[in-house]
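Residue numbers for the sequence shown follow our numbering, beginning at 391 and rising by one.
From the three backbone atoms N, C-alpha and C, an ideal C-beta is built for every residue, glycine too.
Every value quoted in this text rests on a predicted model; they were computed, and no experiment measured them.
Working notes for the structure below.
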Amino acid sequence: MTATRATVTCPDCDRREAFDELGAARSFIERHRDETGHEATWELHRLDAGVERAGREAGVCGRSECTATDSPLYLGDP
391 MTATRATVTC PDCDRREAFD ELGAARSFIE RHRDETGHEA TWELHRLDAG
441 VERAGREAGV CGRSECTATD SPLYLGDP
């Protein structure tokens, strides 16, 4: 059984879909936007450890307490 990796939600039409693959979730968001003009959002449930670490080091969460400013991946202040 494959684990759910992302859940996509559209607040404009109360639609909610679960996906086992991130690519399928992203395609759904783009298709839904094209068809309806709605901005669906996604919640990512599980990423590989290296992806989570890279995101944390790059500061993508936007919180200074979880950003490694000495990392070569650090994006800098917005």
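- Our two residues, D410 and R395, have alpha carbons roughly 5 Å apart in a direct line.
- Membership of T426 in the alpha helix (DSSP H) is indicated by the continuous run 412-426.
- Non-local beta-carbon contacts of I419 in its own chain, meaning distances under 7 Å to residues more than five positions away in sequence, involve V398, A430, W432 in chain order.
- Non-local C-beta neighbours of L412 in its own chain, meaning closer than 8 Å and more than five positions away in sequence, comprise R395, A396, L434, ordered along the chain.
- Per the C-alpha coordinates, the member of A408, P401, C400 positioned closest to R436 is A408.
- Where A396 is concerned, the enclosing beta strand (DSSP E) starts and stops at 396-400.
- Counting along the chain, E429 sits inside no alpha helix (DSSP H), nor does DSSP assign it H or E at all.
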